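For the sequence shown, position 21 matches number 585 in this note's numbering, and the numbering has no gaps at all. Where is the CB? At the ideal position from N, CA and C, for every residue including glycine. Since the model is a prediction, treat every value here as computed from it, not as a measurement.
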Amino acid sequence: MSDKTTDIHQRRGFLKQVAGATGALPFTHGLVGGVAATSLAATAAPGAPPATADPVVGYVCFSQDEAAFVETMVNIMCPADEFTPSGVDCGLPIYIDRQLAGDFGRGAKRYSRGPWQPGRPQQGYQLPMTPEQHFKAGIEAANQACVARHRQPFDQIAPADASTFLNDLASGNVKDPRLSLAAWFNDLVYPLFTQACFSDPIYGGNYNKVFWKMVGYPGLPATNTINMVQYRGKPFPGAKDPKSIADFS
């Protein structure tokens, strides 16, 4: 097995964690405008499903440097292979950008008046920042840590180094005095990545329903109770042509 193939399968481990977490799959692009796609895996590997231009282009929330970080990150976590195009071509940065630019990113309906005292991990989000501010602060801190380690920002280091850096972030081996980068990655970044993979394509990610097709999820027809009982543990015929919200509008 070549070094390149080994590297792709190592990075695919991020996505395997997501697919494994879906269990029985009870879950209810990518042309990126303004910022060029990173060179890590922007071109789909031979045999990968073709990606076509998403009519929703451009970033609403991310700056150019932030977009470069996120594009590099999702291409490491979801490399182009025989199952999917790269994370960028699947629309994952668009989904994350739109979520952070909307009510979720603004912290709508979150209590935001403090006092802000250190909390236990099981108490969840305990910061005065909105999710958008938290996401951006984490990118800045992670990039600074990456420069300190590799003398280059995250989007410019080698793919193998980038993969190791993300794993170190998740395991708490990258420190910043201002915020916990492990909590930032595990509690904010990774859930958004998961949602981007398996959400309805109308939200920007999962372009062309590529992840639904990969795991055999039929989309909205899965809400049909009779089908759920009849086809439990069996391939569902509708999974070959998944249906999104847009297909019923």
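(1) Using alpha carbons as the reference points, say which of Cys654, Glu646 and Ser627 lies closest to Gln759.
(2) Per DSSP, what kind of secondary structure is Lys798 in: helix, strand or coil?
(3) Does the separation of the CB atoms of Tyr659 and Ser727 fall below 9 Å?
(4) So for Lys807, helix, strand or coil by DSSP?
(5) Which residues share a DSSP beta bridge with Gly783?
(6) Going along the chain, which unbroken runs of the alpha helix (DSSP H) with 4 or more residues stay wholly within the stretch 729-757?
(7) Which residue wins for smallest C-alpha separation from Met637, given the options Cys761, Asp719, Phe699 and Thr648?
(8) Quick check on this structure: which residue in Phe633, Arg684 and Val779 has the alpha carbon closest to the alpha carbon of Pro816?
(9) Under 9 Å between the Cβ atoms of Ala709 and Asp751?
(10) May I have a chain-ordered list of the alpha helix (DSSP H) segments no shorter than 4 residues that lie completely inside the stretch 622-680?
(11) 9 Å is my cut-off, CB to CB: does Ser676 come that close to chain B?
(12) Taking the alpha-carbon of Phe626 as reference, which of Thr648, Ser813 and Gly702 has the nearest alpha-carbon?
Once the coordinates are examined:
(1) Nearest neighbour of Gln759 by Cα position, chosen from Cys654, Glu646 and Ser627, turns out to be Cys654.
(2) When secondary structure is reduced to three states using DSSP, Lys798 falls in the coil class, being assigned neither helix nor strand.
(3) In terms of Cβ geometry, Tyr659 and Ser727 do not form a close pair [threshold 9 Å].
(4) Note: Lys807 maps to strand in three-state DSSP.
(5) Beta-bridge pairing links Gly783 to Lys807.
(6) For the stretch 729-757, the continuous alpha helix (DSSP H) assignments of 4+ residues that do not extend past its boundaries occur at 745-748, in sequence order.
(7) Met637 has its Cα closest to that of Asp719, out of Cys761, Asp719, Phe699 and Thr648.
(8) Outside the displayed range of the chain (565 to 813) lies residue 816, so it cannot be described from this structure.
(9) Cβ atoms of Ala709 and Asp751: not closer than 9 Å.
(10) Within the stretch 622-680, the complete alpha helix (DSSP H) segments at least 4 residues long are 628-641, 656-665 and 667-670, listed from N- to C-terminus.
(11) No chain B appears in the structure shown, which is made up of a single protein chain.
(12) Taking only the C-alpha atoms, the option nearest Phe626 is Gly702.
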